[in-house]
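Novice: The structure follows.
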Amino acid sequence: MITLDDVTLTFPDGDRRTTAVDHVSLTAHAGEVTGITGPSGSGKSSILAVAATLIRPDSGRVLIGRAGAGAGADMVDAAALSRDAATALRRERIGIVFQQSNLLPSLTAREQVLVMAHLGGGRSRRRTAPVRDRVDELLDAVGLSAHADKRPAQLSGGQRQRVAIARALVHEPDVLLVDEPTSALDQERGAAIMGLIARLTHERGTATMLVTHDMVHRDALDELVTVVDGRVVAAPATTADAHVPGRSATAA
Ligand SMILES: Nc1ncnc2c1ncn2[C@@H]1O[C@H](COP(=O)(O)OP(=O)(O)OP(=O)(O)O)[C@@H](O)[C@H]1O
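When we follow the numbering used here, the leftmost residue of the sequence shown carries the number 6, and every step to the right adds one.
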C-alpha cells in the first residue's frame, strides 16, 4: 500500500509560493486501483510526483509498504529518505506509467522491458524465474506477445501504453503510479487499457494510484478521490456506494 499522510507541497511563484498539495491524506491499498480526479491545476500530477518520490513534499509522510506486510512492519517513509535512497526505493518498489509512454525509439517491445529489468536492483518475489521468462510472461499478460519484436513506431498508441505498463511492472513493484493513461487514446482503447490496469492490479496485488480526469472509465477504479485546489474533497468510496455525477445519466 501507499499512504500520503498530511502531505503539503508548494512551488515558488514569484516572491511567494503556490500551494499545489494542501494537507492531503489518502491511501491506495494493495490490489486496488485508487483513482485521483479533479479539475485542471487541482494538484493531481503533483500528488503523483510526491508519491513517486520524484518531488519531496514540504511536509507530511509518504508511507510505502509491501502487500501483505503485517501491521506496518515493512513501511518506509519515502519523504524522509535521502535522494539516493529514494531513487533506490523507486527502482525497487514503485512502477510508473506516464501519459506518454516514453519508450526508446530504437528498442523493440521486449527490449524496452528487458532494459528495465536489468536496470536497478529490484527484488522480484519470483527471482527464480530467468529475466527473459519474466519479460515474456509480462508481455503476454499485457497482450503483446505477438508484437514483442516491434519497435514503438510499429505499435499503436494503446500498444505502446501496454509496453509501458509491462515495463513498470517488471520489478513486481508494491506500488503502481499511472498518470492519465488514456489521454492519447480513443475511448475503446482507453477502456481496454483501464481494464488491463485493473486486472493486473487485482492479480498482482499492486497498490495502484491512477490520475484521470475522465470519468468514462470510472468502473475500472476501486476507489475514487477528488482533489480541488490541492485538497481532497471526497473521501475514497467503494465502487458499490460511490455516486459519480453524470454516471447515471450516461447509463440512462
Ligand atoms: N513545477 C512547478 N512549478 C510551479 N508551479 C507548479 C509546478 N507544477 C505544478 N505547479 C502548480 O501547482 C498546481 C497543481 O498543478 P498540477 O500539475 O499538480 O495539477 P493537475 O491537477 O495535475 O493539472 P492537470 O489536470 O492540468 O494536469 C497548479 O497551480 C500548477 O500551476
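Glycine residues also receive a C-beta, built at the ideal position from the N, C-alpha and C atoms.
Based on the DSSP secondary-structure assignment, which residues constitute the bridge partners of M214?
Specialist: Paired residues: T39 and L182.
Novice: With a CB to CB cut of under 6 Å and the five nearest residues on each side skipped, what residues in its chain are close to H207?
Specialist: If we look at H207 and ignore the five residues flanking it on each side, its Cβ neighbours are G36.
Novice: Collect the residues with a C-beta less than 6 Å away from any heavy atom of ligand 1 and give them in sequence order along the chain.
Specialist: My final list is F16, T23, A25, G43, S45, G46, S47, G48, K49, S50, S51 and H218.
Novice: In terms of alpha-carbon separation, which member of A197, A93 and L109 lies closest to G148?
Specialist: Comparing Cα positions, the closest option is A197.
Novice: Leaving out the 5 sequence neighbours to the left and right, which residues in its chain are closer than 6 Å to D11 when beta-carbon positions are compared?
Specialist: Correct list, in chain order: H28, S30 and G65.
Novice: Could you give the first and the last residue of the continuous alpha helix (DSSP H) run that contains A173?
Specialist: Element bounds for A173: G162 to L174.
Novice: Suppose you measure from the CA of L124 to the CA of P178; what does that come to, to the nearest Å?
Specialist: Straight-line Cα distance between these residues: approximately 14 Å.
Novice: Considering only their Cβ atoms, is the gap separating L144 from A114 smaller than 9 Å?
Specialist: Result yes, Cβ atoms of A114 and L144 sit closer than 9 Å.
Novice: Starting from the C-beta of L4, find all residues in its chain whose C-beta is less than 6 Å away, skip the five residues before and the five after it, and write them out in chain order.
Specialist: With the chain represented from 6 up to 257, any question about residue 4 goes unanswered, as that position is not in the structure.
Novice: Hey, quick one: how far does the beta strand (DSSP E) through S64 stretch, first residue to last?
Specialist: Element bounds for S64: S64 to I69.
Novice: In three-state terms, what does DSSP make of R61?
Specialist: The answer is coil: DSSP assigns R61 none of H, G, I, E or B.
Novice: In whole angstroms, what separates the C-alpha of T15 from that of R71?
Specialist: Near 29 Å, if we compare the C-alpha coordinates of R71 and T15.
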